[in-house]
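Counting from 1, position 232 in the sequence shown corresponds to residue 304 in my numbering; the numbering is continuous, with no gaps.
A virtual CB, placed ideally from N, CA and C, is assigned to each residue, including glycine.
Keep in mind it's a predicted model, so treat the numbers as computed, not measured.
Written out below as structure tokens is the structure these notes cover.
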Amino acid sequence: AKKLYFDDLRQKFVDEYIIPTLKAGAVYQDKYPLATALSRPLIVEGMVKVAKKEKADALAHGCTGKGNDQVRFELTTRYLAPELKVIAPVREWEFRSREEEIDYAKKHNIPVPVTKTKPYSIDWNLWGISIECGKLEDPWNEPPEDAYQITTSLEKTPEKPEYITIGFEKGTPVSLNGKKMDTLKLIEKLTEIGGRYGVGRIDMVEDRLVGIKSREIYEAPAATILHTAHNELEKLVFSRDLFEFKKVVSQRYSQLVYFGQWFSHIKECLDAFVEKSQRFVTGEVKLKLYKGNCIIAGRRSLYSLYREALATYTSKDMFDHTAAKGFLEIFGLPSKLEGIRNKKESKWEI
Numbered sequence: 073a074k075k076l077y078f079d080d081l082r083q084k085f086v087d088e089y090i091i092p093t094l095k096a097g098a099v100y101q102d103k104y105p106l107a108t109a110l111s112r113p114l115i116v117e118g119m120v121k122v123a124k125k126e127k128a129d130a131l132a133h134g135c136t137g138k139g140n141d142q143v144r145f146e147l148t149t150r151y152l153a154p155e156l157k158v159i160a161p162v163r164e165w166e167f168r169s170r171e172e173e174i175d176y177a178k179k180h181n182i183p184v185p186v187t188k189t190k191p192y193s194i195d196w197n198l199w200g201i202s203i204e205c206g207k208l209e210d211p212w213n214e215p216p217e218d219a220y221q222i223t224t225s226l227e228k229t230p231e232k233p234e235y236i237t238i239g240f241e242k243g244t245p246v247s248l249n250g251k252k253m254d255t256l257k258l259i260e261k262l263t264e265i266g267g268r269y270g271v272g273r274i275d276m277v278e279d280r281l282v283g284i285k286s287r288e289i290y291e292a293p294a295a296t297i298l299h300t301a302h303n304e305l306e307k308l309v310f311s312r313d314l315f316e317f318k319k320v321v322s323q324r325y326s327q328l329v330y331f332g333q334w335f336s337h338i339k340e341c342l343d344a345f346v347e348k349s350q351r352f353v354t355g356e357v358k359l360k361l362y363k364g365n366c367i368i369a370g371r372r373s374l375y376s377l378y379r380e381a382l383a384t385y386t387s388k389d390m391f392d393h394t395a396a397k398g399f400l401e402i403f404g405l406p407s408k409l410e411g412i413r414n415k416k417e418s419k420w421e422i
């Protein structure tokens, strides 16, 4: 290597990648908050910028031939710089295992943080950590404590819970415990607090894009806390139709991110819907952190669709109970007609 470019992309990562994905509620297969998947298009975006500056004709990456990252690196490159050739040496070299790679590194005095006793593959960024390999490859094995990097084991977490309150403005987290805070710093603070209480440990068998199932563990305290809070606030301010439809969008959005299609027309279209949906997602959510759990303790918003006078069973009840009879006559008509039809059919059964 003759030259190194260094860019601090943390704020860009938060503003242009993490926040849009949080607003979208994108969690792959209902568990993975997409930390590693989100970082790949950001990295390639930076690489392409340098490649054009240096007038390079190719980009290289170190992904294997059966992982998801090769797809993310190469699809992003093809979208942003289709003229560039992609070089992927690990797909061509004859390494058959991590043990062989470790031996090669040792032979050539290349410092690597893994050993044969701790051969974990670890990817770490602001939004979370992904960990695989070693004993984790047997899905029957409980993850060893030495695999975890930033979260405390449940046995060692504090005996008393901690309550936190997160404030949102149009879907973006903007405050912690009533104090305005830059989103980057807020994520770092939630990572620290959540990690102390063992929040954000995820153990899942997921479906990789290349067709195989993979056992992964993740640590994502801030992502777990913010997704929990954001989803709860949406429940408070969304209509039923919007909330149900948003779940469909969230699932598709998570697939696009996981499959490396961050830069695509369909994602641009979904982004437009998501941004419009966040119009009233402003308010506060109170959470209780305890022994690995992130529990909703309260929620409030000026735009709440909840009305105590309609929901209460006390003397303050303002709901018109007499309207229910006519409503049920109309809403229940299809069920009544099906029931009549079924009765007729039963007469002719042999």
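Start-to-end residues for the beta strand (DSSP E) that takes in residue i
i, result
"G267", "Taken as a continuous stretch (DSSP letters only), G267 belongs to no beta strand (DSSP E), being part of the alpha helix (DSSP H) at 255-268."
"T237", "234-241"
"E204", "200-204"
"V158", "157-159"
"A369", "365-372"
"R273", "273-279"
"D313", "From DSSP, D313 is part of no beta strand (DSSP E) but of the alpha helix (DSSP H) over 312-330."
"K360", "355-362"
Enclosing alpha helix (DSSP H) for residue i [first to last residue]
i, result
"N414", "405-419"
"N176", "Residue identity differs from the one stated: residue 176 is Tyr in this sequence, not Asn. 170-179 is the extent of the alpha helix (DSSP H) around Y176."
"P92", "91-96"
"N303", "293-309"
"V485", "Any property of residue 485 remains undetermined from this structure, which presents the chain solely from 73 to 422."
"A123", "107-125"
"A130", "Note, A130: premise wrong, no alpha helix (DSSP H); beta strand (DSSP E) at 130-132."
"K228", "Here K228 belongs to no alpha helix (DSSP H), and DSSP marks it neither H nor E."
"S349", "337-349"
"E380", "380-383"
"F35", "Outside the modelled stretch of the chain, which goes from 73 to 422, sits residue 35, for which no answer is possible."
Test: residue i CB closer than 8 Å to a CB of chain C
i, result
"W212", "In summary, chain C is missing from the structure at hand, where a single protein chain is found."
Own chain, CB closer than 8 Å to residue i, minus 5 neighbours either side, in chain order
i, result
"I422", "Here the model assigns I422 a pLDDT of 49, short of 50, so the residue's position is not dependable, and the following value carries that caveat. Excluding sequence neighbours, I422 sits near nothing in its chain."
"F85", "L110, S111, L114, N197, L198, W199"
Cut-off 6 Å between Cβ atoms - residues of its own chain near residue i, not counting five sequence neighbours on either side
i, result
"V158", "L131, E146, T149"
"I201", "Q221, E291"
"P211", "V277, R287"
"I90", "W199"
"R413", "none"
For residue i, the three-state DSSP class (helix, strand or coil)
i, result
"M390", "coil"
"V251", "Looking at the sequence provided, one finds Lys at residue 251 rather than Val. Here K251 sits in strand by DSSP."
"P245", "strand"
"Y290", "strand"
"D102", "coil"
"K74", "coil"
"K190", "coil"
"K397", "helix"
"D195", "strand"
"K285", "strand"
"F352", "helix"
"E166", "coil"
Buried versus exposed, by CB contacts within 10 Å (16 or more), residue i
i, result
"G137", "exposed"
"Q83", "exposed"
"G134", "exposed"
"G411", "exposed"
"V184", "exposed"
"H299", "buried"
"I182", "exposed"
"G206", "buried"
"E306", "buried"
"D141", "buried"
"T384", "exposed"
Option nearest residue i by Cα separation, candidates the options
i, options, result
"G266", "L382, F167, L281, K360", "K360"
"Y100", "A369, F331, Y362", "F331"
"T223", "P211, G272, K261", "G272"
"V320", "L342, K408, T386, F85", "L342"
"Y192", "E214, A177, A219", "A219"
"R170", "V186, L106, P105, N249", "V186"
"P92", "T237, S322, I274, K121", "S322"
"R112", "E88, K95, S387", "E88"
"Q350", "R372, G97, F167", "G97"
"I203", "D275, I238, T386, K127", "D275"
"E155", "T384, A396, K416, V120", "V120"
"L374", "W334, F240, S336", "F240"
"L208", "A294, T263, K285, Y77", "K285"
"E334", "E264, L152, V282", "Residue identity differs from the one stated: residue 334 is Trp in this sequence, not Glu. When each option's Cα is compared against that of W334, the closest is L152."
"N213", "I338, L256, D279, I289", "I289"
"T296", "K75, D102, G283, F78", "D102"
Cβ shell of residue i (< 7 Å), same chain only, five flanking positions each side left out
i, result
"Y378", "L308"
"V162", "G134, C135, T136"
"A369", "Y235, K358, L359, K360"
"Y362", "P233, Y269"
"L55", "Outside the modelled stretch of the chain, which goes from 73 to 422, sits residue 55, for which no answer is possible."
"F403", "none"
"L382", "M390, F391"
"L81", "L114, G118"
"E424", "Given a span of 73 to 422 for the chain in the structure shown, any question on residue 424 remains unanswerable."
The ligand FMN heavy atom lying under 7 Å from the CB of residue i
i, result
"E227", "Ligands displayed in this structure: none; no statement on the ligand FMN is therefore possible."
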